[in-house]
Amino acid sequence: MPLPITQLDDRRFDDLVAEARQRLVSQLPELAQVVEGDPLYAITDLMAWMTETIIYRANLIPERQRQAFLNLLQIPLRPAQPAQGLVAIHSSSKQPQLPKLLPDATRLSAGKVMLSTRGELQPTPLALRLMIKERLSISDLNAMGVTQNQLRELYHFGAQAAAPFRPRSFNLGTDTLSLQQSLDKKYYLLLHLNDKKLVAHKDKLRAQLQGKILNIGLAPVTHLPADIARELPPRRLQWQLLWQQSADSQRAELLPLEVLDDSSRGARQSGVVRLKIPNNFQAFNSEFTQDPKYAGMNNTPPEAPVDVDPQTIIGWLCLSAPDDAEFSLGFMAVNAVDVVAQEVVLDQVIGQGDGRAGQVVNIGRTDVDAASVQIEVSENGIYVPWQQVANFSGSGLNDRVYQFDASSGSVIFGDGIRGKRPAPGERIRAARFCAGGGSSGNLPAASVKQLLSANATELQVQQDWPLSGGQEAESVAQAEQRIPAELRHRDRAVTREDFIQLAQDNPLVPVGRAELIPGLMPGNSLDAIQTEVPGVVSLLVMPPAEPALGAAPKPSAGLLNDLFRYLAPRTLLGTELYVLSPQFIPVALSLSLEVMDRSNLTSIIHAVEKNLLNSLWPLAPGGFNGKGWPLGRELDVNELRTLAGRTPGVLAINELQLYFQQRDGKWQTATKLRLEAYQLPELAEVHIEEGEQVPKPPQRVEQPPPETGIAVPVIPDFC
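Under my numbering, the first residue of the sequence shown carries the number 14, and numbering increases by one thereafter.
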């Protein structure tokens, strides 16, 4: 509880007037008969007002101290941030000719909010469908009534294993795009015509697309602040064009595509990837089979969705990330362009030179992005660009430099000694600046509809992903609220709590739990792990996940790499940081029990299984204290029997057997399982019987179908 703050004086004007009149009467009794409106009372009112003003100013001293402290910490006020996002602009023409190129800074509007594009865009009549080959587990195959032997016989593989999958199409804009269940860790991009009437001009369109730039918009699942995204290295994405050498080929050839620019930094933030279509695009015209039995075999693309006419298909692309195989996306679009909720102003004359030292001219707006301001001064009828500087200390008398004050919109020139002065009568213009920002630009999907362009009639604007990131300029009160956090760790990892808090609050990847083990140094094998190493800290993290058997929350390599790159610059010099996954030890339980009511036997068995799973689950609200099973805590059969016996409806737990998987994959029984400080249990299977007998051991945990086999589609009996 914070300490109460003593107020210097809580009296108000009326209280001060009453006290002054009372003292006046007590000191000068002859004035007791003074009536209202007497000039003497005007003096008491004036003194009361002056006293109240002094009290008010004195009470402002703590606020002034906080502001001075904020300046000493060198924590500037955060300026207004514009919202950013993606908008797709398609060609709606029924003719085979492609529309004109849309230049940079093309304007759009969403009501009163003005937006502008960043970068060029060649609109095309293409639409996008995104698909993956969704891996099928043993349980999925059993539910479909299919076995591995049947797949081998169907596809004549002999002894070679089959990797079964089913095609999955994402709903762009609503579904989270994930490769976690993908068989080959690839996104398949189906490009097709957005109008069936263009099928007759398909060959002409393919010819016109040769050598053009195709814009693909990418957005992460969660918005990442630009300053954080710039700290991370771009994710390496691999874009390839799929084609066939012959129509009867059951394999696809992969042609790498040239990436001219990627403003998304490998899908770290919302942005556009600009791909160059090959100059001989016509030569890569392939028609992959749409037979459900063979579509997607080997490395060919999966079967197209039923609502896509095969005659409209233009081609297939695939996307993967070699260093982050399971990376997720929030959105993807073709014909996309970056948009910012700012207005771009070009060639605005803001004043004339007067030859005086330190001349100041004003742009006329206070919502200008300082980094975007470009000032030019006319010299002999030709506009010459000047350079923006933070100060004039290093400038000479002939240096064309200026300062810009964003809070007032003022452009400040030098005094002729440090920085050149604009000549008298010469025009000064803002060649370019961006203005706008704030939360008003955070527009939901389908808000941007109007394109302010000459050829807008043959173009269609589509916004399926919301604009985000817009923030109002920070007030002094909001900045003061950040002081405690800045003093606690100043965005630096020093204490155990700092590491855990920074990991859990990181804006890059979701972290469900983080634990720090000082002195733990990993090695090339489990036998090479060292403990109590000075200067070494290991942060063990897990992503959020729902409790499930055999599905421990194991972080991906991409999550570990991203979190390490985020924490490394915030770690003290001399600290050796490792970001790791806990080692999960597979365990299985087999128990026999008696229930109070046999009519509810099935539900009670399910409740016991759920109770044990939640108790051994490593994330909150699992475990004993609601924070997940503690790292390194041993498993005891007696303790597990007690946990199972607390389930409502259970009369007694007669026998309970604990099994754990050794390094060689074999299962072994134990009454106690001791875990290292970096280990956690992973409940793989629970077998429950009714009765007093010794329960049978759990069935062997099934291995998933091999991912290295030949990819084959599995056709369900009913669609």
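Backbone N, C-alpha and C define an ideal beta-carbon position, used for all residues, glycine too.
> In the structure shown, what three-state DSSP assignment does Asp380 receive?
Replying inline: Position 367 of the sequence shown, counted from the first residue, corresponds to residue 380. Coil at Asp380, not helix or strand.
> Using a Cβ-Cβ cut-off of 6 Å (strictly less than) and excluding sequence neighbours within five positions of Ala123, which residues of its own chain qualify?
Replying inline: One-based indexing of the sequence shown puts residue 123 at position 110. Excluding positions up to five away in sequence, the list reads Leu456, Ser460, Val461.
> Where does the unbroken beta strand (DSSP E) through Asp418 begin, and where does it stop?
Replying inline: Translated into the one-based positions of the sequence shown, residue 418 becomes position 405. Unbroken beta strand (DSSP E) run through Asp418: 414 to 418.
> Since Leu231 contacts Ala280 with CB under 8 Å, what's their CB separation in whole angstroms?
Replying inline: As a first step, residue 231 is located in the sequence shown; it is residue number 218 there, counting from the start. As a first step, residue 280 is located in the sequence shown; it is residue number 267 there, counting from the start. Between Ala280 and Leu231 the Cβ distance is about 4 Å, and since that is below 8 Å, they are a contact.
>> Threshold first: 3 residues or longer. Then list the beta strand (DSSP E) segments lying entirely within the region 636 to 718, N to C.
In response: 663 to 674, 680 to 683, 692 to 703
>> Once the 5 residues before and after Trp399 are set aside, which same chain residues still bring their CB inside 7 Å of it?
In response: Taking the first residue of the sequence shown as position 1, residue 399 is located at position 386. Result list for Trp399: Ile388, Glu389, Val390, Arg413, Val414, Tyr415, in chain order.
>> With the cut-off set at 9 Å, would you say Leu204 and Val489 are in Cβ contact?
In response: Here residue 204 corresponds to residue number 191 of the sequence shown, with the count starting at 1. Here residue 489 corresponds to residue number 476 of the sequence shown, with the count starting at 1. No, the pair does not count as a contact, with Cβ atoms beyond the cut-off.
> Are there 16 or more other CB atoms within 10 angstroms of the CB of Tyr69, so buried, or fewer, so exposed?
Replying inline: Your numbering for residue 69 matches position 56 in the sequence shown. When all chains shown are included, Tyr69 counts as exposed.
> Does the distance from the C-beta atom of Arg120 to that of Leu464 stay below 9 Å?
Replying inline: In the sequence shown, counting from the first residue as 1, residue 120 sits at position 107. In the sequence shown, counting from the first residue as 1, residue 464 sits at position 451. The answer is yes: Cβ separation under 9 Å.
> Quick check: the region 329 to 336 against the region 125 to 133, are there 3 or more CB pairs under 8 Å?
Replying inline: no
> Hey, is the region 183 to 190 in contact with the region 154 to 173, meaning 3+ C-beta pairs nearer than 8 Å?
Replying inline: no
>> Considering only their Cβ atoms, is the gap separating Ala657 from Leu625 smaller than 9 Å?
In response: Taking the first residue of the sequence shown as 1, we reach residue 625 at position 612. Taking the first residue of the sequence shown as 1, we reach residue 657 at position 644. The answer is yes: Cβ separation under 9 Å.
> Which class does Met63 belong to by DSSP, given the choice of helix, strand or coil?
Replying inline: As a working note, residue 63 is residue 50 in the sequence shown. Residue state, collapsed to three classes: helix.
>> Is the separation between the beta-carbon of Pro177 and that of Val727 shorter than 9 Å?
In response: As a working note, residue 177 is residue 164 in the sequence shown. As a working note, residue 727 is residue 714 in the sequence shown. It is a contact, given that the beta carbons lie within the stated cut-off.
> Residue range of the alpha helix (DSSP H) that Arg442 falls in?
Replying inline: Residue mapping note: residue 442 aligns to position 429 of the sequence shown, counting from 1. Per DSSP, Arg442 belongs to no alpha helix (DSSP H); it is in the beta strand (DSSP E), 440 to 448.
> Closest by CA to Glu695, which one among Glu485, Glu668, Trp642?
Replying inline: Here residue 695 refers to the residue found at position 682 of the sequence shown. Among Glu485, Glu668, Trp642, the Cα nearest to that of Glu695 is on Trp642.
>> Quick check: what's the CA-CA separation for Asp28 versus Asn72?
In response: Working through the sequence shown from its first residue, we reach residue 28 at position 15. Working through the sequence shown from its first residue, we reach residue 72 at position 59. Whole-angstrom Cα-Cα distance: 17 Å.
>> Is it buried or exposed, Val550, if we count other Cβ atoms within 10 angstroms and call 16 or more buried?
In response: Taking the sequence shown and counting its residues from 1, one reaches residue 550 at position 537. It is buried - the Cβ of Val550 has at least 16 other Cβ atoms within 10 Å.
> Where does the unbroken alpha helix (DSSP H) through Gly733 begin, and where does it stop?
Replying inline: Not covered by the structure: residue 733. The range shown for the chain is 14 to 732.
> Looking only at its own chain, which residues have a Cβ that is under 8 Å from the Cβ of Leu154, when we skip the five neighbours before and after it?
Replying inline: Taking the sequence shown and counting its residues from 1, the one referred to as residue 154 is at position 141. Around Leu154: Thr160, Gln161, Pro177, Pro718, Val727.
> Of all the options Asn292, Gln473, Phe597, which has the alpha carbon lying nearest to the alpha carbon of Ala564?
Replying inline: Position 551 of the sequence shown, counted from the first residue, corresponds to residue 564. Looking at the Cα atoms, Phe597 is the closest of the given residues.
> Hey, out of Gln193, Gly98, Ala403, whose CA is closest to Asp351's CA?
Replying inline: As a first step, residue 351 must be located in the sequence shown, where it is residue number 338. It is Gly98.
> If you run the structure through DSSP and keep just helix, strand and coil, what is Tyr69?
Replying inline: Residue mapping note: residue 69 aligns to position 56 of the sequence shown, counting from 1. In this structure, Tyr69 counts as helix in the three-state DSSP scheme.
>> Please state the DSSP three-state secondary structure of Met14.
In response: Here residue 14 corresponds to residue number 1 of the sequence shown, with the count starting at 1. Residue confidence is low: Met14 scores 44 on pLDDT, short of 50, so the model does not pin down where it sits. No coordinate-derived value is stated.
> Which one of Arg646, Pro661, Asn627 has the shortest CA to CA distance from Ala697?
Replying inline: In the sequence shown, the residue the question calls residue 697 occupies position 684. The shortest C-alpha separation from Ala697 is found at Asn627.
>> I need the straight-line Cα distance from Arg142 to Val524, nearest angstrom please.
In response: The residue given as residue 142 occupies position 129 in the sequence shown. The residue given as residue 524 occupies position 511 in the sequence shown. C-alpha separation (whole angstroms): 30 Å.
> If you draw a straight line from the C-alpha of Val725 to the C-alpha of Ser152, how long is it?
Replying inline: The residue labelled residue 725 in the question sits at position 712 within the sequence shown. The residue labelled residue 152 in the question sits at position 139 within the sequence shown. Cα-Cα distance, rounded: 17 Å.
>> So Val621 and Val663 are supposed to be a Cβ contact under 8 Å. How far apart are they, rounded?
In response: To locate residue 621, count along the sequence shown from 1; it is residue 608. To locate residue 663, count along the sequence shown from 1; it is residue 650. With 8 Å as the limit, Val621 and Val663 qualify as a contact, their Cβ atoms being about 6 Å apart.
>> Rounding to the nearest angstrom, what Cα-Cα distance links Arg79 and Ala140 in this structure?
In response: Locating residue 79 in the sequence shown gives position 66, where the first residue counts as 1. Locating residue 140 in the sequence shown gives position 127, where the first residue counts as 1. Straight-line Cα distance between these residues: approximately 55 Å.
>> Gly371 and Ile425 - do their beta-carbons sit closer together than 9 Å?
In response: Residue numbering aside, residue 425 sits at position 412 when the sequence shown is read from its first letter. Residue numbering aside, residue 371 sits at position 358 when the sequence shown is read from its first letter. Result yes, Cβ atoms of Ile425 and Gly371 sit closer than 9 Å.
> Which partner residues of His619 appear in the DSSP bridge assignment?
Replying inline: Taking the first residue of the sequence shown as position 1, residue 619 is located at position 606. According to DSSP, which records beta bridges pairwise, His619 is partnered with nothing at all.
>> Please list the terminal residues of the continuous alpha helix (DSSP H) segment that includes Ser96.
In response: In the sequence shown, residue 96 corresponds to position 83, counting from 1. A quick correction: the sequence has Ala, not Ser, at residue 96. Ala96 -> no alpha helix (DSSP H), and no H or E assigned at all.
>> Taking the alpha carbon of Leu521 as the reference point, which residue from Pro238, Ala33, Thr64 has its own alpha carbon closest?
In response: In the sequence shown, counting from the first residue as 1, residue 521 sits at position 508. Nearest C-alpha to Leu521: Pro238.
> Counting Cβ pairs closer than 8 Å, one from the region 536 to 547 and one from the region 603 to 616, do we hit at least three?
Replying inline: no
> So who's on the other strand from Pro726, going by DSSP bridges?
Replying inline: Locating residue 726 in the sequence shown gives position 713, counting from the first residue. For Pro726, which the question treats as bridged, DSSP gives the partners Phe178.
> Can you list, in chain order, the residues of its chain whose CB lies under 7 Å from that of Trp62, leaving out five sequence neighbours each side?
Replying inline: In the sequence shown, residue 62 corresponds to position 49, counting from 1. Once the five neighbours on either side are set aside, the close Cβ partners of Trp62 are Phe26.
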